[in-house]
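*Asks:* Okay, handing you the structure first.
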């Protein structure tokens, strides 16, 4: 399955689609976090991922670059 995905990603139009879907998903996640912040009395929040040291900064970077 990974080999199929990597082969699919060699096409420019697929790469563009992947970046757009990634940006959309990130924006949905950030909107959801904002909704939770408004609905619950949170003192702070922390986005975490096993693959990234600072997920929130990485998401901001992806949104800015693409």
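Residue numbers (the numbering used here): 78 to 143. Yeah, the Cβ is synthetic: ideal placement off N, Cα and C, and Gly gets one too. Just so you know, these numbers come straight off a predicted model, no measurement behind them.
1. How far does the alpha helix (DSSP H) with residue 132 in it extend, from its first residue to its last?
2. Cα separation between residue 102 and residue 136?
3. Would you give the residue range spanned by the alpha helix (DSSP H) that residue 119 belongs to?
*Replies:* The answer reads as follows:
1. Per DSSP, residue 132 belongs to the alpha helix (DSSP H) from 132-142.
2. 10 Å
3. Segment: none, residue 119 is in no alpha helix (DSSP H) and carries neither H nor E.
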